[in-house]
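> Quick one: the structure is below, questions incoming.
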Amino acid sequence: NEAQTSTSKMVLFLILGTIFLDAYDITILGTMTDQLTQQFHLSPATLSIVMTSLPIGALFGALLGGTLAHQFGRKRILSIALLTLTVTSLGAALAPNVIILIICRCIMGFAIGMDSPVAFTFIAEISNLKHKGRNVNYWQVVWYVA
1 NEAQTSTSKM
11 VLFLILGTIF
21 LDAYDITILG
31 TMTDQLTQQF
41 HLSPATLSIV
51 MTSLPIGALF
61 GALLGGTLAH
71 QFGRKRILSI
81 ALLTLTVTSL
91 GAALAPNVII
101 LIICRCIMGF
111 AIGMDSPVAF
121 TFIAEISNLK
131 HKGRNVNYWQ
141 VVWYVA
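Under the working numbering, the sequence shown is numbered contiguously, ending at residue 146.
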């Protein structure tokens with residue numbers, strides 16, 4: 001069905017957009033270490049906490065994301081994760097101190113951890129058999145572009 005195909009393409013594009021945001025948020029901080037150290041007067045130990053707060057949050061988000069998606073639905077969890085990621089990204093960008101930055105980055109990580117497995121499952125579900133492998137692997141291209 002033509003309408004279903006164009007709808008699937010639009011959903012695929014939106015989900016790949018969330019994966020782009022995930023990758024961007026994970027990698028952008030690596031380019032900002034000098035600025036963060038100067039702005040917040042960070043010691044190497046505190047900088048390492050800032051840098052690892054997102055992956056630690058992602059670990060817990062990934063552990064709970066599948067269960068929450070099964071219980072509440074993939075679309076709802078993906079939407080909540082994207083909203084959470086947006087709000088906490090703004091919070092991190094505007095953080096007045098390092099504690100707020102770490103908290104925001106940890107919650108961002110939780111959202112990223114939640115939405116990544118859900119996004120891959122969603123892509124597999126909306127893709128027809130002919131394009132399933134290609135569509136599921138688009139995330140790699142999107143990740144490296146980010």
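Just so you know, even glycine gets a beta-carbon here, dropped at the ideal spot from N, CA and C.
Are the region 70 to 78 and the region 87 to 94 touching, with three or more C-beta to C-beta distances below 8 Å?
The answer is no - the region 87 to 94 does not touch the region 70 to 78, with fewer than three Cβ pairs under 8 Å.
> So, for LYS132: in the same chain, excluding its five sequence neighbours on each side, which residues have a beta-carbon less than 7 Å away from its beta-carbon?
Position 132 of the sequence shown holds residue 132. Hits under 7 Å: ALA124.
> Can you tell which of ILE26, THR18, VAL11 and LEU12 has the C-alpha that lies nearest to the C-alpha of LEU83?
Here the question's residue 83 lines up with position 83 in the sequence shown. It is THR18.
> Does the contact criterion of 3 or more C-beta pairs under 8 Å hold for the region 128 to 144 versus the region 95 to 115?
Counting Cβ pairs under 8 Å, fewer than three are found: no touch.
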